[in-house]
Each structure stands twice: as structure tokens, then as C-alpha cells.
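There are 2 protein chains.
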Amino acid sequence: MYSVLKQSIRPRLLATHNQFRTMITAQAVLYTQHGEPKDVLFTQSFEIDDDNLAPNEVIVKTLGSPVNPSDINQIQGVYPSKPAKTTGFGTTEPAAPCGNEGLFEVIKVGSNVSSLEAGDWVIPSHVNFGTWRTHALGNDDDFIKLPNPAQSKANGKPNGLTINQGATISVNPLTAYLMLTHYVKLTPGKDWFIQNGGTSAVGKYASQIGKLLNFNSISVIRDRPNLDEVVASLKELGATQVITEDQNNSREFGPTIKEWIKQSGGEAKLALNCVGGKSSTGIARKLNNNGLMLTYGGMSFQPVTIPTSLYIFKNFTSAGFWVTELLKNNKELKTSTLNQIIAWYEEGKLTDAKSIETLYDGTKPLHELYQDGVANSKDGKQLITY
Amino acid sequence: MYSVLKQSIRPRLLATHNQFRTMITAQAVLYTQHGEPKDVLFTQSFEIDDDNLAPNEVIVKTLGSPVNPSDINQIQGVYPSKPAKTTGFGTTEPAAPCGNEGLFEVIKVGSNVSSLEAGDWVIPSHVNFGTWRTHALGNDDDFIKLPNPAQSKANGKPNGLTINQGATISVNPLTAYLMLTHYVKLTPGKDWFIQNGGTSAVGKYASQIGKLLNFNSISVIRDRPNLDEVVASLKELGATQVITEDQNNSREFGPTIKEWIKQSGGEAKLALNCVGGKSSTGIARKLNNNGLMLTYGGMSFQPVTIPTSLYIFKNFTSAGFWVTELLKNNKELKTSTLNQIIAWYEEGKLTDAKSIETLYDGTKPLHELYQDGVANSKDGKQLITY
């Protein structure tokens, strides 16, 4: 996290040489000890010297950053990938920054930076950057450029990215796209994938991307009072079929699914599991021989449970998916995947998962907005905008 | 199963042309309906004309054939791979032959057969051949040749194969060898595999083959009154470490295993699971990042249960192993694997899993010997010799 280390120490030293130049006063949400976000978060002010950029440095201001489940787990200390603690924000005790996804606008670049200019939209190249903050100082290679709306328009695209699309592009759409394309070759127009968590953000992206790639899909969702309405909306997004967890677990319903697959002339080759427990058993059973299930979440808090016979006699394989690890050392794959998602957004072919947006206007300390965001996450994904 | 179809129909037609030539009267154990072996097996006599072999035909007599769990499951109708039913043994209703593993001696070959001669030892090339029988008529490519003891001696080998080694070579030793070599590259002298079912036949082969290939291993076994003695015998066979299921499930014991692995300079990369349930969870947890577990059995009748976090954050993969399917269309792999096992037997480096042998002497119908074998399988693997 050298970009974090720099951002207050160097400006402070410079401050002794020139008391009269402008400084940006920035805010970041930090924690020194793991715990529940409502107990351990605080807002730290720090300064960024915008008159003395090193040649490769870039100053950005935040446009928006979401509250993701993994951000909460990082603060709780139960997530394997963790930001380093630092005194670089000016705290006495070493503290870690919060947030992994976010959209920034470049406000100034150093003399050597040719890939970025003021006004460009960027996202962090890596996780653990700390996106719950108003501004950041980094190097050019800490950021990946996205087209801003003016640039999309100049390129003749029907749409520019929204702040929500840019701020939430790194995890869910990439997860859905990579799970559908990076492991198993599905034959367009024929083969099927099946997923549980069909109403989750990744689930909705997978249904849409599946349709864009002409893959057949089955989305498993929980029963609910407005089931018909939700089924219709998921089919509208792109799901070929939508079934309930009861149907997923039912022996009687199995032949119906087999018939769908048979009629298509393809096979069910891929399952996407973000639930675990019985739900994972159910979707695994639907696969044809040599099927693969990718587990990317465990919303039921139950382990993944698979009958021995599937492994031995159907050559079933169960593996994991973690977008952070897959893309950590594969910038090319990250760039090509991002470019595909951006293109679909610009063409209006992909709908983003809506977030509940709260504007930071300075009336409340920044960390309280994110604490509220954590508390309200049960109602939907929370995005703090600036 | 064309070799089965031929063996009585053709001799019967020929019999109308020559009433005076010799015929071999053979016995085979068959069933017409699935069920418990004690209820559905019968012995069928059939004749093989040994004076009118077609150019590629081979007549063999049986030296020994074991009772395997999969043979029992086939008769019960709960095994996915099944022999075709035929009237070729002379039954009115179509009937299926029993037994998949067995050792035969060639007694006569057709004029075109150059790869085999009388006295050679052979095993079936494929499953579902029907090995619970006294004789068989097949084509030369229905059989794979093994060295008989005289041939091993002539080649200067210290040992010839025993009937037990030949009759049980196709499943357990191949399963152990292929699981250890075909999927993950373990670095000799450093890397580890961990297996449950350490006292099973495959488990003992895996410990021995692991030592021959210089892989470190941990065998998990159930606690028992003579634990120390069994641990000592498994270490003598080749297991680096032997632990109990309680230790496998214990959080407190985990660091001891981590330390063993750390001291070796290697990683635990492969788990072999024939138990399922908690035991499979335990061995999966011992693997380093990017580990693979192969499931080849489910002795606990519990499903394979894996925490979501292993999949996502340790990139764990769980797959199946079925020797029948792997080798079905890969004769080259089967031959090279068999040759390695044969070489180790001939050099006295590999000890076979002992069977409880019963000689067929004609005093009881053949199917009763196999019915007794099924009933006595709880005491150890049963081999009927001829």
C-alpha cells in the first residue's frame, strides 16, 4: 500500500518548506482494530499537496464507493485479503483504510503521466486500495481508466457509464462474466448453466450475460409472495428458466428440467453456487456428466454438500471462484473483461444492479455514512456518492 | 459383450455338423433379475467347442476371480456400469454374467492369434466380461496378457505373479497408482498426500506406491483396540504418518500436521477420499492452497461436505475418480500402469492385499461359492480359485 503511505507523510514534510501553497484536505474512513463497523470505524483527515506531484503521481477525487459484504468482512477481520495498516494517514496507531471498489475522477497528474489526464474516470488496479475516502494520491499504475460520459459520447456510444456502474464494475459483473467464460466452454444456443441466488447482483448479471452470449440458463430463487412477478423480471433480464428452491430439491421436478435440456440439444455443463447446503446439492445434481460447479459465495452458511456418486459416476467437479485471486496477477484478463462489460454498458445491453445512493455532503462525518450503509445493506447495496 | 454372445450360440450350431468332437463343458454364474446375490444368482452350464476356433478366437480357463463391492452392486442393479443381458449362455430368459476382475490361463488360440499362446496368463481388457465362470471364449483383443510365473522366471525376475495378484490387479492397484500420478504432480521427497480409509486395500496400495515414488503421506484410520499395531504396520508399508479420525477432526491437532508439512519443505497437494462426511471435510482442510481431493468411495454413506471458504479462499477443488471410466478408452494408460504394477510385483517391491481364497472343486454349484463370498466379504476380500 505504498500509495497510501505516501499520501500524508510526503505532504507533511513539504509543508515545512512552503507554508503558502494550497493543500487538499481529504477524509478517509479507517480502523485500527478489527470489529463490527459500528464500533471500530473513524474518519481521519489528511492532506494532499497538489502543487508538488512526483512525475508518476496522480491525484483523484472520489465519485462513489459501495459497501460490499467483503468490505464488512475485512473490517471484522474474517476476510483473507486484508489492507496493510499504516500511520500514513496521520494516525498515532497504525490504521487500515476501508473499501475495495470505487470510482474516482482524476484531478491532477504528474509530469510523466501520459495515460491519464484531469477529468478521466478511474478505478483502483488492485484490492485493498481504500475507497471509502474523499481523495487519494497514487501512481498512474494504481489506476485503470474507464471512459467518462463525455468520452463515450465523443466515441459515438449511445450511453456513458453512470457513477453506480463505474463504482461497482470490479466485482459483480467481472465475477459473472468470468465464471461463464473462463472455465467451461458452453456452446451458444445449446448448453446450459444453472445458478442459485438468481436474484443476487451476480445472479442478475449472469442471467443477462448468459443471454448476451446466447447460453441457456436456469436461475434458482427462493419462493416469495410476488414469485410470478420476480420470475417474469428475471426472464426479462435473460434467464431462460426460473425455478424455486423447492423445485430445485424436488425429485418430481427433475424430469421437467431434463426435458428442457434435452429439447435444447445441449447439456447442463456449469453450475454457479453462492448459497451452499441443499441448494448446492440441488444444482449440482442437474448437471450432465463431466459438469463443473463454481462456488463463489455461501449465503446459507451451510457447507457445499455433494453426493459421492456424482463425483465417481458423473465425473462431477466442484471448485471455487474468487475474482480477487484470479485477477491479482492477470492484468490482461482484467482489462479485456472490463472492456467487454464497459462496451455492453455503453451499448445499453447490460443493466447494472441498482444501489441505494447516499450523497456525502459534509454534514455528517464520513464514517457514519458508511456505518449507516453497513446497517442498511439488508435493504440492498449501498453506494456513497461524493 | 459380443464375446459372451458367441460362446454358446456358435458351438451349438456347429454341433449339428460334428457330433463327435470334444466340447468343453463350462459353468458361469448369471442372474436374470437384479436383486440380492443370495436370491438371484444361478449357475448355468454351457459348452465351448474347442475344435473349431475362428482365426481370432481364444479359449481361456479361469484361475481366480474375486468378489468386489462393485460386482455386488451390479447384481443389485445400483451400479451405473452394467453387463448386457444375453441368451448366449443358453438360458431362456436373457441373463447377465457376474464379476469384472479375474485371471485366466489361455488353453487354445485361433490360427490368426500371434499375441497369445496356450499357457499365457490374461485378464479381461474391459469390465462386464463376466469373470465368475470356469471358462470363456473370446477374441484376442478381449484379453490383456500378464507374465505367468515361468515367463517372469525366464526374464530373470525375482518373483512371478501369484494368482491373487493377477486376479486383483485391475482395480485397486491401478486406482491407487493413477490417483497419485495422473492429476497432481507431487514433488518427490517434499510433497504430501493425505488419505482416509488408510487400512482399505486401495489405502494400503497408496501408502506403498507413495513410498516407492518418494511421496510423503498421511493415512487417516479409525481408532481401534490394536491401534499402535495397525499404525506400525501401515508405516512399515510406507505411510509417513498415520493419524486417527479423531485427530483428523481435531482443531488442536491441526498445527502438528502443519508442522510435519512445513518441515518437509513441501505442500499437501492431494487428498484421496473413500469415506465422505466429516472425514472428507477433515482431509480437505489439511491441504495447502490449490489442493485437489479425489473421491473414489463413500464408505460412510455420507456426502462429501466442504466448507465454502476452502473453495473460495484456498482454491480447493473436489473431483471424482473412477478407474473404469478413466481407462475405458485409454488402453495405452491402462497398459503402462499395469506394466508398472507388474514390475513392482516381480521385483518384490509391492505387497498385494491378501484375499481369503476358496477353491472351486465341483462339490458345490459355482454360484453358491460366490454367494458365500458375498456373505463373507465383511471378513475381507474373497477370491474364488479354480
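In order, the protein sequences belong to chains W and Z.
Numbering-wise, our numbering puts 342 at position 342 of the first sequence, and it's gapless, one number per residue.
Numbering-wise, our numbering puts 1045 at position 45 of the second sequence, and it's gapless, one number per residue.
Positions of the beta carbon are idealized from the N, C-alpha and C atoms, including for glycine.
Fair warning: this is a prediction, and the values are worked out from it, not measured in the lab.
The beta carbons of W:S200 and W:G238 sit no closer together than 8 Å.
Between Z:K1381 and Z:E1101, the alpha-carbon positions lie close to 13 Å from each other.
The CB of W:W322 comes closer than 8 Å to the CB of I1312, F1313 and N1315 in chain Z, given here in chain order. Z:T1092 is bridged by DSSP to nothing; it lacks a bridge partner. Nearest neighbour of Z:G1266 by Cα position, chosen from Z:G1276, Z:L1287, Z:I1283 and Z:N1248, turns out to be Z:L1287.
Beta-bridge pairing by DSSP links Z:S1219 to Z:Q1195 and Z:V1242. Scanning the segment 1023 to 1111 of chain Z for uninterrupted alpha helix (DSSP H) segments of 4 residues or longer gives 1037 to 1040 and 1069 to 1076, listed from N- to C-terminal end.
Contact annotation: in the segment 298 to 309 of chain W, residues whose CB is within less than 7 Å of a CB in chain Z are G298, P303, V304, T305, I306, P307 and T308. Taking a Cβ-Cβ cut-off of 7 Å, the neighbours of Z:Y1296 in chain W comprise I312, given in sequence order.
Against chain Z, the CB of W:G276 has a partner CB under 8 Å away; the residue lies at that interface. Between the segment 34 to 44 of chain W and the segment 85 to 105 of chain W, the count of C-beta pairs closer than 8 Å reaches three or more; the two stretches touch. Boundaries of the beta strand (DSSP E) harbouring Z:H1135: H1135 to N1139, taken from the DSSP string.
Scanning W:W121, W:S70 and W:A28 for the CA closest to the CA of W:W322 turns up W:S70. Residues of chain Z whose Cβ lies closer than 9 Å to the Cβ of W:P83 do not exist; the shortest such Cβ separation is about 16 Å. Residue burial is scored here from C-beta neighbours: W:S114 has fewer than 16 other C-beta atoms within 10 angstroms and is therefore classed as exposed. Under DSSP, the beta-bridge partners assigned to W:N273 are W:T295. Residue environment analysis places Z:L1213 among the exposed positions, since fewer than 16 neighbouring C-beta atoms fall within 10 angstroms of its C-beta. Z:E1117 and Z:A1054 have their alpha carbons spaced roughly 15 Å apart. Non-local C-beta neighbours of W:A232 in its own chain, meaning closer than 8 Å and more than five positions away in sequence, are absent.
Annotation note: the segment 311 to 345 of chain W contains the following uninterrupted beta strand (DSSP E) runs of length 3 or greater, listed N- to C-terminal: 317 to 320. Contiguous beta strand (DSSP E) elements confined to the segment 1148 to 1219 of chain Z occur at 1192 to 1195, taking only those with 3 or more residues. Around the C-beta of W:K334, 16 or more other C-beta atoms lie within 10 Å, and the residue is accordingly described as buried. Secondary structure at Z:W1260: helix, using DSSP grouped into helix, strand and coil. Setting aside the 5 residues that flank it on each side, W:N248 is surrounded in the same chain by V220 and G282, each with a C-beta closer than 6 Å to its C-beta; the list follows chain order. Among the residues facing chain W, Z:P1080 is included, as its CB has a counterpart in that chain under 8 Å away. Z:E1057 is positioned such that its CB atom lies no closer than 8 Å to that of Z:M1023.
When the Cα atoms are used, Z:N1315 and W:G291 turn out to be separated by approximately 18 Å.
When C-beta distances to chain W are compared with 8 Å, every residue of the segment 1230 to 1245 of chain Z stays at or above that value.
Remark: C-beta atoms of Z:V1106 and Z:V1060 approach each other more closely than 8 Å. At a cut-off of 8 Å between C-beta atoms, W:E357 does not count as an interface residue with respect to chain Z. Three or more beta-carbon pairs drawn from the segment 1162 to 1171 of chain Z and the segment 1345 to 1352 of chain Z are found closer than 8 Å, and the two stretches are therefore classed as touching.
In the pairwise beta carbon analysis, the segment 1301 to 1319 of chain Z is classified as touching the segment 1270 to 1285 of chain Z: at least three pairs are separated by under 8 Å. Neighbourhood of W:E325 in chain Z, by CB distance below 7 Å: N1315, in chain order.
In terms of Cβ geometry, Z:K1108 and Z:D1050 form a close pair [threshold 8 Å]. Contact annotation for W:S200 against chain Z: no contact, minimum CB-CB distance about 15 Å [criterion: below 7 Å]. Taking a C-beta distance under 8 Å as the contact criterion, Z:S1152 and Z:N1159 qualify as a contact pair.
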